[in-house]
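Those sequence lines, one after another, are chains A and B. If you're matching positions, the first sequence starts at 0 in numbering that gives the first Met the number 0 and goes up one per residue. If you're matching positions, the second sequence starts at 0 in numbering that gives the first Met the number 0 and goes up one per residue. C-beta: ideal position from N, C-alpha, C; glycine also. Heads up, the thing below is written out as structure tokens.
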Amino acid sequence: MNSTAKSQEWTAVITSKVPLLDLPLGELWRYRDMIAFMVRRDIIATFKQTILGPVWYIIQPIISSVVFTIIFSGIGGIPTNGIPPFLFYLSGNLIWYYFSACLTSASSTFRANGGLFTRVYFPRLAVPLAQSIVNLWHFGIQAVIFAGFYFYFMWSGANIAPSYRIIVIPALIAQCALLGLGVGCLISALTTRYRDLQIAVAPLVQLWMYASCIFFPRSSVPENLQWIMNLNPVVPIVETFRFALMGQGQVEIHQWVFSLAITMALLLLGLIGFSRAERTMADTI
Amino acid sequence: MSSLAISVERVSKVYRLGEITRRQLFDDVARWVRGIARKRHVNYRDLGAAAEESPGATDLFWAVRDVSFDIKQGESVALIGRNGAGKSTLLKLLSRITAPTRGEIRLNGRLASMLEVGTGFHVELTGRDNVYLSGTIMGMSRHEVRDKFDDIVAFAGLEQFIDTPVKRYSSGMIVRLAFSVAAHLEPEIMILDEVLAVGDQQFHNQCIDRIKEIVNQGRTILFVSHNMSYVRRLTQKTLWMQKGALVEFGPTEEVVNRYESSSSSVAGERHIHDTGKRASVLSWRLTEGVGGEPNILARSGAACAFEFAIHADEALQSCRFGFTLSDFDDTPIFVATHGFAGVPKGTSSLVLELPSLPLQPGQYRLETKLYQRHEEVDVWHCDPMLVVSGHGLPPDRSNEGLINLESSLRMRSQAAN
Numbered sequence: 000m001n002s003t004a005k006s007q008e009w010t011a012v013i014t015s016k017v018p019l020l021d022l023p024l025g026e027l028w029r030y031r032d033m034i035a036f037m038v039r040r041d042i043i044a045t046f047k048q049t050i051l052g053p054v055w056y057i058i059q060p061i062i063s064s065v066v067f068t069i070i071f072s073g074i075g076g077i078p079t080n081g082i083p084p085f086l087f088y089l090s091g092n093l094i095w096y097y098f099s100a101c102l103t104s105a106s107s108t109f110r111a112n113g114g115l116f117t118r119v120y121f122p123r124l125a126v127p128l129a130q131s132i133v134n135l136w137h138f139g140i141q142a143v144i145f146a147g148f149y150f151y152f153m154w155s156g157a158n159i160a161p162s163y164r165i166i167v168i169p170a171l172i173a174q175c176a177l178l179g180l181g182v183g184c185l186i187s188a189l190t191t192r193y194r195d196l197q198i199a200v201a202p203l204v205q206l207w208m209y210a211s212c213i214f215f216p217r218s219s220v221p222e223n224l225q226w227i228m229n230l231n232p233v234v235p236i237v238e239t240f241r242f243a244l245m246g247q248g249q250v251e252i253h254q255w256v257f258s259l260a261i262t263m264a265l266l267l268l269g270l271i272g273f274s275r276a277e278r279t280m281a282d283t284i
Numbered sequence: 000m001s002s003l004a005i006s007v008e009r010v011s012k013v014y015r016l017g018e019i020t021r022r023q024l025f026d027d028v029a030r031w032v033r034g035i036a037r038k039r040h041v042n043y044r045d046l047g048a049a050a051e052e053s054p055g056a057t058d059l060f061w062a063v064r065d066v067s068f069d070i071k072q073g074e075s076v077a078l079i080g081r082n083g084a085g086k087s088t089l090l091k092l093l094s095r096i097t098a099p100t101r102g103e104i105r106l107n108g109r110l111a112s113m114l115e116v117g118t119g120f121h122v123e124l125t126g127r128d129n130v131y132l133s134g135t136i137m138g139m140s141r142h143e144v145r146d147k148f149d150d151i152v153a154f155a156g157l158e159q160f161i162d163t164p165v166k167r168y169s170s171g172m173i174v175r176l177a178f179s180v181a182a183h184l185e186p187e188i189m190i191l192d193e194v195l196a197v198g199d200q201q202f203h204n205q206c207i208d209r210i211k212e213i214v215n216q217g218r219t220i221l222f223v224s225h226n227m228s229y230v231r232r233l234t235q236k237t238l239w240m241q242k243g244a245l246v247e248f249g250p251t252e253e254v255v256n257r258y259e260s261s262s263s264s265v266a267g268e269r270h271i272h273d274t275g276k277r278a279s280v281l282s283w284r285l286t287e288g289v290g291g292e293p294n295i296l297a298r299s300g301a302a303c304a305f306e307f308a309i310h311a312d313e314a315l316q317s318c319r320f321g322f323t324l325s326d327f328d329d330t331p332i333f334v335a336t337h338g339f340a341g342v343p344k345g346t347s348s349l350v351l352e353l354p355s356l357p358l359q360p361g362q363y364r365l366e367t368k369l370y371q372r373h374e375e376v377d378v379w380h381c382d383p384m385l386v387v388s389g390h391g392l393p394p395d396r397s398n399e400g401l402i403n404l405e406s407s408l409r410m411r412s413q414a415a416n
């Protein structure tokens, strides 16, 4: 039996041995149709039987940007580097929402799909990937609204102008997706065993937001706290995003490179955790 | 055709029982510390090592232990065993839902399972969208689903409703559509579960026919069932599992006979104090059978005699004895009622004789009723069940249908006209 078994070609070998990182790129490609239908499902199903539908994605950032404008700029007097406060907060919200949505949806992968995962096999990474595509759709809707306000402010004489720098924006969005995916996958892997983390996600994301230059420009951070800004990979993304759009912000190339390095490290860690967790999640979920 | 489709080599799966609590964290740490103390590297998350390390551990459970077998391409194999034998775990390992603790599984070809239907259905989507979603989740490409789409919908009988959201469907309609998607997958290796054949009788038959069709297409099949008549009809070989281990792997007829006798004979005796009646049938056996202790294995087509042991607290006069033989699904096949003089006080035995037992191989339920005049004294759903073996039947004899009669075919001569 062994001689035949060894000499034969096999399409799949399932073992107990754990490879450190199992990145099933070929398999994900074969399941691309499934990813497309999952994206379609989420886009269609979320707003079935709602009156406003996708308008909700617009209302949310506008309301919080209005609130931030009143509290931080109006009452708190925090500077926005010459950018109209409302646009400053709306741009911060725009990029932050995409990042945090990717993180949050990836972090609930195993918990939200437990029923499906214990019934049928497919590359599990397809689920957070599909989620980040869905989130990209939401981002697109919000970006259109942002563009509307942007041109309104430009037309009414604010000191902003679009430039060739916007070409870096796709790279920033990709980095947001990868960072959110990495951290989300890591949390998701840990939650298969210890559920506490699931509850901790929302407050952690909130805290992270406070440390991510959404409410204030990096230039207003005191010197002795700049090290936090350096450690936080989201800060250079937000600052570069604002700089690319409105020509205002503190961008240094080495900060962005460092942030990219942290992003890649977290992504790798997340994927390792995820590929370990997917092998046994069916037993512990 | 001798190449293998599935090769399972010394596969084990250990589960941790109970909930994951703070205690679990302490246990993990304790095992890890013990490993260090013995100067051996023990991965504290490796449950296999943990289970071997402390065989007495009550929180670790071998769901599948050291199972090896090979299935050739094109073979149809049944997986049988009682609840908790490890069948589901083995299927989960094969379909890559969970990873084995030990050992290796090799697959040649795409594997799809029809273990759970309706995977990935979303109630807000239309039937059409759900067919595509569910089909691609189960490994089909968009084009494959499109090619089969009309067949899938026709099989489910939902042409009219296919563009209606699934939440407006009845539960029966959802199940039919879900089964239909799964039934039209075309993988090289297919895992089937007879329990899936759900719905009304007509759809049930349609499902079984579809399963037969898949089997006849010459694909490699692993078929899970508790219904031995399906197992006998649909498979060539059978894997019998018990308590996580492989008991036997061989030709279906042999394995199933032994499985049925063993599963029947573990049943308990009926005791007088359990019944609390004036008189009761306590046990039954065949006066002459093929084998097994107690003797409950009959041979298809041969004569047989059932002997019933009766205990009576008092003598009964003008009695009647009712005997019902039913198939596994409790459909009566044969009913007999005989009057007799009476039952003496104490223990006695009645013998019921049949000149031949033309039943298909399988398990059958027996029921006895004891009446005095028109008053029912005792009813017993006999335990163990009767097992009929196909041993000695001509190999070309069809095992379809409920009963097994002698038949012959001849051409009538033209001269008669």
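Check	Outcome
Spatially closest choice to A:Val-237 from A:Ala-173, A:Phe-273 and A:Tyr-193, by CA coordinates	A:Ala-173
8 Å Cβ cutoff met for B:Glu-74 and B:Thr-219	yes
Alpha helix (DSSP H) runs contained entirely in the stretch 159–240 of chain B, provided each spans 4 or more residues	170–182, 200–215 and 227–233
Residues bridged to B:Leu-78 [DSSP beta-bridge criterion]	B:Val-223 and B:Leu-238
Within 8 Å, strictly: CB atoms of B:Val-130 and B:Leu-176	yes
Opposing strand residues paired with B:Lys-368 [DSSP bridges]	B:Gly-321 and B:Val-378
Terminal residues of the alpha helix (DSSP H) in which A:Thr-14 lies	Where A:Thr-14 is concerned, there is no enclosing alpha helix (DSSP H), although the beta strand (DSSP E) it sits in stretches over 11–14.
Within 8 Å, strictly: CB atoms of B:Leu-385 and B:Tyr-363	yes
Burial state of A:Ser-155, where buried means 16 or more other Cβ atoms lie within 10 Å	exposed
Cβ-based neighbour list, A:Lys-16, same chain, cut-off 8 Å, excluding 5 preceding and 5 following	none
Residues of its chain near A:Pro-60, where Cβ-Cβ distance is below 7 Å and the 5 sequence neighbours each way are ignored	Leu-89, Asn-92, Leu-93, Tyr-96 and Gln-141
Local Cβ density within 10 Å of B:Lys-344, reported as buried at 16 or more and exposed below that	exposed
Beta-carbon proximity list for A:Thr-239, same chain, < 8 Å, skipping 5 on both sides	Val-167, Leu-171, Gly-248, Val-250 and Trp-255
Which listed residue (A:Leu-51, A:Cys-101, A:Leu-177 and A:Gly-75) has its alpha carbon closest to that of A:Val-204	A:Cys-101
A:Tyr-193 versus A:Ala-125 - alpha carbon distance	23 Å
Within 9 Å of chain A by C-beta, residues of the stretch 78–91 of chain B in sequence order	Lys-91
Contact residues within the stretch 186–215 of chain A, judged by C-beta distance below 9 Å to chain B	Arg-192, Tyr-193 and Arg-194
Neighbour-count burial assignment, A:Val-66, 16 or more Cβ in a 10 Å radius	exposed
Closest Cα partner of B:Asp-326 within the set B:Gly-338, B:Val-230 and B:Pro-360	B:Pro-360
Local conformation of B:Ala-297 per DSSP, three classes	strand
Exposure label - B:Gly-243; buried when at least 16 CB within 10 Å	buried
Sheet register partners of B:Val-280 (DSSP bridge)	B:Ile-309
Close Cβ partners of A:Thr-117 (< 6 Å) along its chain, the five nearest in sequence each way excluded	Ala-281
Buried/exposed call for B:Arg-167, threshold 16 Cβ in 10 Å	exposed
A:Pro-232 burial status per 10 Å Cβ neighbour count (16 or more: buried)	buried
Partner residues on chain A for B:His-121, Cβ-Cβ distance less than 7 Å	Arg-40 and Ala-44
As assigned by DSSP and simplified to three states, the class of B:Ala-4	strand
Residues sharing a beta bridge with B:Glu-247, DSSP	B:Trp-239
Rounded distance between the beta-carbons of A:Val-38 and A:Ala-129, thought under 8 Å	5 Å
Close Cβ partners of A:Asn-112 (< 7 Å) along its chain, the five nearest in sequence each way excluded	Val-126
Beta-carbon neighbours of B:Asn-107, restricted to chain A and to distances below 9 Å	Gln-7, Glu-8, Trp-9, Thr-10 and Ala-11
Residue environment, B:Met-410, which counts as buried when at least 16 other CB atoms sit within 10 Å	exposed
Buried versus exposed call for B:Ile-5 [16 or more other C-beta atoms within 10 Å across all chains shown]	buried
Backbone secondary structure at A:Glu-277 - three-state DSSP	helix
B:Cys-303 - partner residues in DSSP beta bridges	B:Leu-353
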